[in-house]
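Presented below is the structure to which this report refers.
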């Protein structure tokens with residue numbers, strides 16, 4: 047993690063543990079580390095363990111969200127202490143231990159229902175309501191056009207046309223975005239966002255949380271590497287309701303069935319996020335990989351939101 051070396055991280059961890067009334071850390075072991083974030087396990091002098099998680103922009107709001115979620119009664123790990131150091135979030139968290147099993151679709155539906163039933167105060171989270179969603183396709187066109195003008199994404203010209211068509215129809219297609227459940231959305235609600243351990247289920251990794259349609263969490267569960275599966279999300283939505291989730295989650299939006307709408311708009315939201323990341327000036331940006339991702343997302347979104355679900359399923 048740039049500009050924060052090992053001695054600095056050790057010093058910050060020791061300070062945070064002291065603030066939280068914990069013993070001094072004696073050992074640190076990596077669990078998962080990548081360019082913008084890292085998760086490590088700290089062993090303390092009294093033998094207990096905690097987790098240290100650190101992140102740079104745009105993932106620096108997680109401690110605030112986790113604290114608000116815990117206060118609202120959501121099933122999340124406890125944050126013992128957190129700070130911003132050298133423009134990076136560093137937080138000491140409850141160690142949930144090793145998972146006892148991997149989550150399935152029913153677990154995901156139940157966890158989403160539990161999360162959405164709590165009233166988490168959103169703080170300064172970005173909002174993705176009807177107006178903001180409707181802006182996504184035109185924003186993506188502008189971002190992609192700018193990148194191409196700079197000599198990047200030379201083979202992505204064909205993606206502009208479907209994005210322009212989506213931008214034309216976006217006000218209609220985004221209609222109903224604020225249909226309940228509408229509130230704090232996890233943002234990366236994949237199976238890896240659930241930890242099922244000896245003490246029960248917890249929702250983790252809120253670094254990309256925002257305020258928006260709760261149904262996005264069920265759309266995100268499938269990921270975007272495989273073709274979208276409307277039948278799968280339909281089944282999950284019913285499981286969500288059975289777990290106590292708002293039954294209005296099944297209401298159509300933008301003239302499309304709820305699950306199909308969510309899958310399409312989630313892919314457009316993801317497209318814009320990757321394009322913004324590509325324009326951030328990151329010297330390690332992999333344009334070939336990003337183009338592959340946004341091509342997959344845009345193609346699926348256009349077919350889902352245009353009503354050509356069968357084509358979207360096989361894309």
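In the working numbering, the protein residues as written are 47 to 361.
Using N, Cα and C, we set each Cβ at its ideal position, and we do this for glycine too.
In this text, all values refer to a predicted model and were calculated from it rather than measured experimentally.
If I measure Cβ to Cβ from residue i and keep anything under 6 Å in the same chain, skipping five residues before and after, which residues do I get?
| i | result |
| --- | --- |
| residue 62 | 127 and 138 |
| residue 337 | 199 and 202 |
| residue 340 | 317 and 320 |
| residue 152 | 285 |
| residue 156 | 289 |
| residue 175 | 223 and 224 |
| residue 287 | 293 |
| residue 307 | 299 and 300 |
| residue 258 | 174 and 231 |
| residue 58 | 131 and 136 |
| residue 168 | 230 and 257 |
| residue 120 | 161 and 164 |
Let me check understanding here. Comparing Cα to Cα, which of the options lies closest to residue i?
| i | options | result |
| --- | --- | --- |
| residue 210 | 188, 193 and 223 | 188 |
| residue 301 | 116, 136, 220 and 238 | 220 |
| residue 82 | 319, 88, 54 and 100 | 100 |
| residue 146 | 243, 308 and 322 | 243 |
| residue 186 | 159, 168 and 216 | 216 |
| residue 111 | 256, 206 and 175 | 256 |
| residue 149 | 135, 241, 124 and 89 | 241 |
| residue 163 | 184, 229 and 140 | 229 |
| residue 74 | 86, 237 and 264 | 86 |
| residue 107 | 254, 276, 160 and 334 | 254 |
| residue 105 | 80, 238 and 58 | 80 |
| residue 184 | 171, 226 and 206 | 206 |
| residue 161 | 214, 238, 227 and 97 | 227 |
| residue 177 | 171, 218, 154 and 237 | 218 |
| residue 238 | 56, 72 and 78 | 78 |
| residue 84 | 326, 55, 236 and 279 | 55 |
| residue 326 | 233, 190 and 97 | 190 |
| residue 172 | 76, 141, 96 and 233 | 233 |
| residue 88 | 141, 66 and 120 | 141 |
| residue 154 | 168, 235, 169 and 170 | 235 |
| residue 375 | 208, 67 and 95 | Residue 375 lies beyond the range of the chain shown here (47 to 361); nothing can be said about it. |
Skipping 5 residues on each side, what residues in its chain have a beta carbon closer than 7 Å to that of residue i?
| i | result |
| --- | --- |
| residue 329 | With a pLDDT of 49 at residue 329, under the threshold of 50, the modelled position of that residue is not reliable, and the figure given next carries that caveat. Same-chain partners within the cutoff: there are none. |
| residue 361 | Confidence at residue 361 is low in this model, with a pLDDT of 39, below 50, so its placement is unreliable and no value can be given for it. |
| residue 342 | 270 |
| residue 304 | 261, 283, 295, 296, 297 and 298 |
| residue 179 | 220, 223 and 311 |
| residue 143 | 243 and 244 |
| residue 48 | Summary for residue 48: the model assigns pLDDT 45, below 50, so the residue's position carries little reliability, and this model does not support an answer. |
| residue 109 | 125, 128, 135 and 137 |
| residue 213 | 183, 184 and 187 |
| residue 66 | 126, 127 and 138 |
From the DSSP output, read off the bridge partner residues of residue i.
| i | result |
| --- | --- |
| residue 45 | With the chain covering 47 to 361 only, the question about residue 45 has no answer from this structure. |
| residue 71 | 90 |
| residue 443 | No answer is possible for residue 443: the residues shown for the chain start at 47 and end at 361. |
| residue 242 | 147 and 247 |
| residue 299 | 302 |
| residue 259 | 228 |
| residue 173 | 257 |
| residue 291 | Residue 291 pairs with nothing; no bridge assigned. |
| residue 83 | 80 and 101 |
| residue 125 | 139 |
Excluding the 5 residues preceding and the 5 following residue i in the sequence, name in chain order all residues of the same chain whose CB lies nearer than 8 Å to its CB.
| i | result |
| --- | --- |
| residue 52 | none |
| residue 281 | 151 |
| residue 122 | 112, 115, 116, 248, 249, 250 and 252 |
| residue 70 | 60, 63, 64, 90 and 91 |
| residue 268 | 274, 275, 278, 279 and 309 |
| residue 266 | 232, 233, 234, 235, 236 and 312 |
Our contact map puts residue i next to residue j with C-beta atoms below 8 Å; I'd like the distance itself, whole angstroms only.
| i | j | result |
| --- | --- | --- |
| residue 118 | residue 166 | 5 Å |
| residue 264 | residue 103 | Between residue 103 and residue 264 the Cβ distance is about 28 Å, and since that is not below 8 Å, they are no contact. |
Given the structure, does residue i come close to the ligand ATP, in the sense that its CB is under 7 Å from one of the ligand's heavy atoms?
| i | result |
| --- | --- |
| residue 118 | Here there are no bound small molecules, and the ligand ATP is not part of this structure. |
field: Contact between the segment 191-205 and the segment 128-137 (3+ Cβ pairs under 8 Å)
entry: Short answer: they don't touch.
field: Any 3 or more C-beta pairs closer than 8 Å across the segment 342-350 and the segment 310-328
entry: The segment 342-350 vs the segment 310-328: in contact.
- request: Would you be able to state if there are at least three C-beta pairs under 8 Å between the segment 236-254 and the segment 291-305?
  value: These segments do not touch.
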